[in-house]
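First comes the structure, then the notes that go with it.
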Amino acid sequence: MTSELNFEYRNEDSIDRLLKCRICSKPFIDPVITRDGSRFCRKCITEKASVNDSKHLERQSSFIEDLVPVEEKILLDMLDSLHVKCKQCQQTNIRRVHLEDHIPNKCPKRIVLCKASDLKCPWSGPYEERNNHLKQCTFQLLRPILTEALQSHKQLEQYKNSYDEQRHEIEQLKTKIKIYEDRTEKLQKGHTIVLELLTQQTRRCASLEKDIQQIQEQSHKQNIQPIELIKEIEQLKEQYHQINIPSNGFQTEFDRLNQLEQSIDDLAKKFQQLNEQYQKQPYENQQSLNESQQLKEQFNQQMIQLNQCQLEINQLQKENKSRKTEITQVEQKCSQHDIEIHLLARKKCALPTNVTPYDGKIEQLIESFASDSEIYLDGQQLNDRDMELVCKKLIIDKRCSKLRLEYNDISANGATILADGLYGNTTLAELQLSHNRISDMGTHALAQALTINNVTLDWLELHSNSITDEGAEYLADMLKRNKTIILLGLGSNRIGNRGVRLLASAIAGYNETLQWLHLASNKLITDACVNDLIEMLKQNHSLNALWLNDCSLSKDAADKLRQVANSKINFTLEI
Numbered sequence: 000m001t002s003e004l005n006f007e008y009r010n011e012d013s014i015d016r017l018l019k020c021r022i023c024s025k026p027f028i029d030p031v032i033t034r035d036g037s038r039f040c041r042k043c044i045t046e047k048a049s050v051n052d053s054k055h056l057e058r059q060s061s062f063i064e065d066l067v068p069v070e071e072k073i074l075l076d077m078l079d080s081l082h083v084k085c086k087q088c089q090q091t092n093i094r095r096v097h098l099e100d101h102i103p104n105k106c107p108k109r110i111v112l113c114k115a116s117d118l119k120c121p122w123s124g125p126y127e128e129r130n131n132h133l134k135q136c137t138f139q140l141l142r143p144i145l146t147e148a149l150q151s152h153k154q155l156e157q158y159k160n161s162y163d164e165q166r167h168e169i170e171q172l173k174t175k176i177k178i179y180e181d182r183t184e185k186l187q188k189g190h191t192i193v194l195e196l197l198t199q200q201t202r203r204c205a206s207l208e209k210d211i212q213q214i215q216e217q218s219h220k221q222n223i224q225p226i227e228l229i230k231e232i233e234q235l236k237e238q239y240h241q242i243n244i245p246s247n248g249f250q251t252e253f254d255r256l257n258q259l260e261q262s263i264d265d266l267a268k269k270f271q272q273l274n275e276q277y278q279k280q281p282y283e284n285q286q287s288l289n290e291s292q293q294l295k296e297q298f299n300q301q302m303i304q305l306n307q308c309q310l311e312i313n314q315l316q317k318e319n320k321s322r323k324t325e326i327t328q329v330e331q332k333c334s335q336h337d338i339e340i341h342l343l344a345r346k347k348c349a350l351p352t353n354v355t356p357y358d359g360k361i362e363q364l365i366e367s368f369a370s371d372s373e374i375y376l377d378g379q380q381l382n383d384r385d386m387e388l389v390c391k392k393l394i395i396d397k398r399c400s401k402l403r404l405e406y407n408d409i410s411a412n413g414a415t416i417l418a419d420g421l422y423g424n425t426t427l428a429e430l431q432l433s434h435n436r437i438s439d440m441g442t443h444a445l446a447q448a449l450t451i452n453n454v455t456l457d458w459l460e461l462h463s464n465s466i467t468d469e470g471a472e473y474l475a476d477m478l479k480r481n482k483t484i485i486l487l488g489l490g491s492n493r494i495g496n497r498g499v500r501l502l503a504s505a506i507a508g509y510n511e512t513l514q515w516l517h518l519a520s521n522k523l524i525t526d527a528c529v530n531d532l533i534e535m536l537k538q539n540h541s542l543n544a545l546w547l548n549d550c551s552l553s554k555d556a557a558d559k560l561r562q563v564a565n566s567k568i569n570f571t572l573e574i
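233 is the number that numbering that gives the first Met the number 0 gives to position 234 of the sequence shown; each next residue is one higher, with no gaps.
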């Protein structure tokens with residue numbers, strides 16, 4: 000409900016002043032409580048803060064954030080029960096809580112559209128006049144015809160969309176077929192090339208073997224020819240000795256002898272040439288044999304390499320399958336260990352503990368809260384000893400959904416007791432521990448509890464608790480496995496660049512649920528971690544808001560972060 004609603008109060012002067020805002024002098028609308036306990040309308044105090052602190056935006060933002068909605072049931076019921084009069088229809092004795100339903104749904108003067116507005120009838124007017132309009136509305140009279148036409152048009156659009164989808168699917172299938180055909184063609188070409196190379200090498204080997212055989216045959220023939228020539232020379236010599244008679248009486252025989260001698264010389268030269276060729280043949284034959292042997296060895300090596308590659312591929316496939324099986328088994332074992340740890344933790348929570356006497360006032364205050372409710376214990380001077388009572392009475396017995404313990408005296412020991420209580424938690428969704436002394440040790444205990452099998456807690460505020468980079472590291476490890484936390488508040492601590500890097504790395508690479516991260520007023524955060532924050536914003540898609548105001552970032556660093564934040568949809572960056 001807002002103050003702009005068209006109504007006025009009945010007997011406004013008689014309304015108790017405790018129900019009125021000191022700024023607008025009207026009964027509260029959306030009442031809130033400030034730090035000093037004063038009550039105002041949210042709109043009134045926000046506008047006043049905007050006017051008074053227009054030059055101090057950070058202080059204004061902090062003031063508005065600290066406004067707490069009034070949750071006193073008696074006060075809210077009294078405000079809802081105030082009687083008002085609708086200015087449109089002048090109806091009286093309407094309870095204010097019912098006005099939101101009266102104006103849009105019951106007021107006869109409310110502005111409505113024609114029932115044929117879905118057929119593009121432009122009429123709008125008071126609800127009480129709509130029936131008269133419908134009697135003469137052309138669109139309403141033509142509704143059966145127009146409805147049938149619209150249905151036909153809608154059906155046609157559906158057919159067209161279905162046709163477009165099928166056509167798109169066909170195009171996709173054609174594209175895939177073309178890709179497969181191209182791949183098949185490339186494989187066929189590669190196969191053809193390999194076959195041609197193997198065929199060429201086979202032919203070359205066969206040709207070399209044929210050449211070797213021919214050379215061997217020629218060598219055999221040439222080995223026979225010298226023997227025949229030697230025999231022929233011996234015969235000529237014998238003939239020469241037989242006809243070696245005095246030459247003075249036989250001129251004809253002398254000429255014949257000269258011819259025979261010349262023939263013998265020619266035969267000797269020819270014999271020498273053949274002998275040289277014969278000596279060369281074994282060397283050439285050996286070269287051909289060596290070349291053929293080398294080609295065969297190369298061919299065999301290529302086949303061996305091909306077989307080895309195929310064996311390696313098969314081995315890698317087997318190893319990959321085996322490793323997948325091992326990973327699955329390890330994950331199953333981890334899940335079993337988590338379940339065992341959770342069961343042991345639940346047993347620990349169920350064991351009776353020797354509790355020292357508590358402050359009677361605190362115990363009475365705790366007993367006053369109803370079951371399954373939101374518990375507010377801010378500023379009650381609670382200490383570590385009281386946390387056992389809080390765990391047993393509020394978290395376990397009363398099953399509270401929200402627990403606020405801000406501005407108390409809780410240290411790391413108290414946080415550890417609370418963490419032990421969270422192991423058995425099935426209802427607590429919001430835990431606020433800001434402005435205490437839990438430090439890194441308490442943060443470690445809470446992070447461990449939220450890492451193991453947490454299914455309910457999604458809101459954790461730890462502002463002003465002297466948490467350093469060590470505590471940020473524990474929370475970063477928690478965010479890698481936790482699947483429920485959507486808000487993490489770490490403002491006004493002592494977290495520096497190292498802690499921011501660890502948180503950013505976990506959120507960027509592992510977490511998909513965190514939506515709000517509050518790191519404001521950590522003075523040790525400087526430009527050195529800006530690149531890590533930018534990478535986090537680029538990689539993570541669940542984060543919706545990041546607070547970095549009142550840190551030690553330069554204007555250039557802030558501009559870089561704003562540029563990345565502006566590129567994301569509905570993202571809030573306070574810097």
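A virtual CB, placed ideally from N, CA and C, is assigned to each residue, including glycine.
Compute the Euclidean distance between the alpha carbons of residue i and residue j, then round it to the nearest angstrom.
i: Pro30; j: Cys20; result: 8 Å
i: Gln139; j: Cys113; result: 9 Å
i: Leu489; j: Cys23; result: 36 Å
i: Asp65; j: Glu373; result: 18 Å
i: Arg345; j: Leu388; result: Note that Arg345 scores a pLDDT of 46, beneath 50, so its modelled location is shaky; the value from the coordinates is reported in the next line. The straight-line gap from Cα to Cα measures roughly 17 Å.
i: Ser504; j: Trp515; result: 16 Å
i: Ala564; j: Thr512; result: 18 Å
i: Glu170; j: Lys188; result: 27 Å
i: Ser161; j: Pro103; result: 40 Å
i: Leu552; j: Ala446; result: 28 Å
i: Gln213; j: Glu233; result: 31 Å
i: Lys42; j: Leu18; result: 16 Å
i: Ala519; j: Asn492; result: 9 Å
i: Gln154; j: Leu145; result: 14 Å
i: Glu11; j: Gln90; result: 16 Å
i: Lys119; j: Asn5; result: 29 Å
i: Ile312; j: Glu296; result: 24 Å
i: Leu432; j: Asp439; result: 13 Å
Only counting the same chain, and skipping five residues up and downstream in sequence, which positions put a Cβ closer than 6 Å to that of residue i?
i: Pro68; result: Val31
i: Gln379; result: none
i: Val96; result: Asp79
Which of helix, strand or coil does DSSP assign to residue i?
i: His540; result: coil
i: His152; result: helix
i: Val69; result: coil
i: Thr33; result: coil
i: Glu511; result: coil
i: Ile14; result: coil
i: His517; result: strand
i: Ser2; result: A caution first: Ser2 carries a pLDDT of 40, below 50, which makes its placement in the model unreliable, though a value can still be read off. Three-state DSSP puts Ser2 in coil, outside helix and strand.
i: Lys19; result: strand
i: Gln314; result: helix
i: Ala444; result: helix
i: Val50; result: helix
Terminal residues of the continuous beta strand (DSSP E) containing residue i?
i: Phe39; result: Arg38 to Cys40
i: Glu366; result: Note, Glu366: premise wrong, no beta strand (DSSP E); alpha helix (DSSP H) at Gly359 to Glu366.
i: Thr571; result: Thr571 to Glu573
i: Gly488; result: Leu486 to Gly488
Tell me the DSSP bridge mates of residue i?
i: Tyr586; result: As shown, the chain starts at 0 and ends at 574. That puts residue 586 outside it, with no answer to give.
i: Tyr8; result: Val83
i: Val111; result: Gly124
i: Leu430; result: Leu402 and Leu459
i: Ser410; result: Arg436
i: Leu545; result: Leu516 and Leu572
i: Pro26; result: Lys19
What do you reckon, is the C-beta of residue i under 7 Å from a heavy atom of the ligand NAP?
i: Gln309; result: Absent from the structure shown: the ligand NAP. Ligands present: none.
Tell me which residues share the same chain as residue i and place their Cβ nearer than 8 Å to its Cβ, disregarding the 5 neighbours each side in the sequence.
i: Thr455; result: Asn424, Thr425, Thr426, Leu427, Ala428 and Thr483
Could you pull the start and end residues of the alpha helix (DSSP H) that residue i belongs to?
i: Gln562; result: Lys554 to Asn565
i: Leu461; result: Looking at the DSSP string, Leu461 is not in any alpha helix (DSSP H), and its letter there is neither H nor E.
i: Thr525; result: Note, Thr525: premise wrong, no alpha helix (DSSP H); not H, not E.
i: Val96; result: Arg95 to Asp100
i: Phe138; result: Thr137 to Leu140
i: Leu388; result: Asp385 to Leu388
i: Arg493; result: No alpha helix (DSSP H) contains Arg493, which DSSP labels as neither H nor E.
i: Asp476; result: Asp468 to Arg480
Going by beta carbon distance, what residues of the same chain come within less than 7 Å of residue i, once the five residues before and after it are set aside?
i: Lys47; result: Ile22
i: Met477; result: Ala446, Leu449 and Thr450
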